[in-house]
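First up is the structure itself, then whatever we jot down about it.
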Amino acid sequence: MVRIEGVTKIYNEGSASEVRALDDVNLTIQDGELLAITGESGSGKSTLLNLIGALDTPTKGRIFVGSEEISRLSGEKAAAFRRKHLGFVFQGFYLEEDFSVLVNVEIPLMLQGVDKEERRKRAMSALEEMGLKEKADFLVTQLSGGQKQRVCIARALAGGAELILADEPTGNLDSENGEAVMRTFRELTKKGVTVVVVTHNMQHAGVCDRTVNLKDGRVTE
Ligand SMILES: Nc1ncnc2c1ncn2[C@@H]1O[C@H](COP(=O)(O)OP(=O)(O)OP(=O)(O)O)[C@@H](O)[C@H]1O
Ligand SMILES: [Mg+2]
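Mapping the sequence shown onto the working numbering, position 23 (from 1) lands on 23, and the numbers just tick up by one.
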């Protein structure tokens, strides 16, 4: 379960360029929930995802993932938390372009200290699940946008992510690939994985369990 309690995020606090990106957000996300976050550009969606993902810390308020308060974690502790529990499917992919698909999927496992044989096994099984087995030895640069997106999901799967954070994962995909990504998320939630997905696509939001809309950093519904 993810609990977000009274979270406010102010960028550049006290300066002329101060921005109140999130304003007293309260939200509980259940285990195995597929949650859509919608809202206009600049409404705070990515900011919220970054905070849930321990990539940044709130100005005010607290965030719990399971029993762990992550809103005060920073540096190595935040990184360790991310490695252990999270899978990121972000725009820009955050894939290592110079490495093969297989190595990309193995990276979280390397960081967790999983030995080579086990790593390979889990990565190949995740790639197979995402229909990318035959692309294992390709360089990431040789893949299409939709395939890269699926590598990100395979990486989250292989790493044993309990919580997947996806920032407009279907944004640069055609409708068929976009729907496939949403179906994959749906399947994962059936196994107890929690998925939070930022989307502008109302059809994709429609397949989620619930939609939270942000407006000027506040939850409106
Ligand atoms: N690192 C930052 N420093 C300063 N201001 C920021 C920073 N990141 C975001 N902001 C501001 O915070 C507000 C919320 O931004 P955020 O990126 O969360 O919006 P978003 O809903 O994800 O928008 P989009 O749909 O365009 O991706 C915006 O006004 C943005 O300019
Ligand atoms: Mg954004």
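Glycine included, each C-beta is placed from N, C-alpha and C at the ideal position.
#1: How do the region 40 to 47 and the region 93 to 112 stand: do at least 3 beta-carbon pairs fall below 8 angstroms, yes or no?
#2: Between E33 and T199, is the Cβ-Cβ spacing less than 9 angstroms?
#3: Looking at the structure shown, is K191 part of a helix, part of a strand, or coil, going by DSSP?
#4: What alpha helix (DSSP H) runs, 4 residues minimum, are completely inside the region 52 to 78?
#5: Quick one: residues with CB closer than 5 angstroms to any heavy atom of ligand 1, in chain order, please.
#6: From M130, R218, M124 and A158, pick the residue whose C-alpha is nearest to that of L86; which is it?
#7: Mind reading off the beta-carbon distance from A154 to I164? Whole number of angstroms is fine, and I expect it under 8 angstroms.
#8: Going by C-alpha to C-alpha distance, which of L35, V7 and E118 sits closest to E22?
#9: Between R119, D24 and D174, which lies nearest to V219 when the distance is taken from Cα to Cα?
#10: Is it true that the CB of L35 sits closer than 9 angstroms to the CB of C208?
#11: With three or more C-beta pairs closer than 8 angstroms as the rule, is the region 173 to 193 touching the region 4 to 20?
#12: Determine the extent of the beta strand (DSSP E) in which K215 is found, giving its start and end residues.
#13: Give the DSSP-derived three-state secondary structure of V103 in the structure shown.
#14: Would you call the CB atoms of L95 and K60 closer than 9 angstroms?
#15: Out of L27, K191, D31 and V89, which one is the CA nearest neighbour of T211?
#16: Just curious, the beta strand (DSSP E) that L163 is in, first and last residue?
#17: Spatial neighbours of R119 within its chain, please: C-beta separation below 6 angstroms, excluding the five flanking residues on both sides.
#18: What does the alpha-carbon distance come out to for the pair L132 and L73?
#19: Roughly how far, in whole angstroms, is the beta-carbon of A54 from the beta-carbon of I70, given that I think they are within contact range, below 8 angstroms?
#20: Taking the Cβ atom as the reference point for each residue, do T38 and A205 lie within a distance shorter than 9 angstroms?
#21: How far does the alpha helix (DSSP H) with A126 in it extend, from its first residue to its last?
#22: Measure from the alpha carbon of V197 to the alpha carbon of each residue in D167, D98 and R82, then state which is nearest.
Let me spell this out:
#1: Contact between the region 40 to 47 and the region 93 to 112 is absent: fewer than three C-beta pairs spanning the two stretches fall below 8 angstroms.
#2: No, these two residues do not count as a Cβ contact at 9 angstroms.
#3: Looking at K191 - three-state DSSP - the assignment turns out to be coil, as it is neither helix nor strand.
#4: The qualifying runs do not exist here; there are none.
#5: Selection output, chain order preserved: Y11, V19, A21, S41, G42, S43, G44, K45, S46 and T47.
#6: Of the residues M130, R218, M124 and A158, the one whose Cα lies closest to the Cα of L86 is A158.
#7: Under the criterion of beta carbons closer than 8 angstroms, A154 and I164 do not qualify as touching, at roughly 12 angstroms.
#8: It is worth fixing the name first, because residue 22 is Leu in this sequence and not Glu. Closest option to L22, Cα to Cα, is V7.
#9: Of the candidates R119, D24 and D174, the one whose C-alpha sits nearest the C-alpha of V219 is D24.
#10: Cβ atoms of C208 and L35: closer than 9 angstroms.
#11: At 8 angstroms Cβ cutoff, the stretches do not touch.
#12: Looking at the DSSP string, the run of the beta strand (DSSP E) that includes K215 is R210 to K215.
#13: For V103, the secondary structure class from DSSP, reduced to helix, strand or coil, is helix.
#14: Result no, Cβ atoms of L95 and K60 do not sit closer than 9 angstroms.
#15: Minimum Cα distance to T211 is reached at L27.
#16: DSSP places L163 in the uninterrupted beta strand (DSSP E) bounded by L163 to D167.
#17: Beyond the five residues adjoining it in sequence on each side, R119 comes within less than 6 angstroms, by CB distance, of E106 and L109 in the same chain, given in chain order.
#18: When only Cα atoms are considered, L132 and L73 end up about 35 angstroms apart.
#19: Their Cβ separation, rounded to whole angstroms, is 5 angstroms, which keeps A54 and I70 in contact under 8 angstroms.
#20: Yes, the pair counts as a contact, with Cβ atoms nearer than the cut-off.
#21: Where A126 is concerned, the enclosing alpha helix (DSSP H) starts and stops at K116 to E129.
#22: Comparing C-alpha distances from V197 to each of D167, D98 and R82 shows the shortest one belongs to D167.
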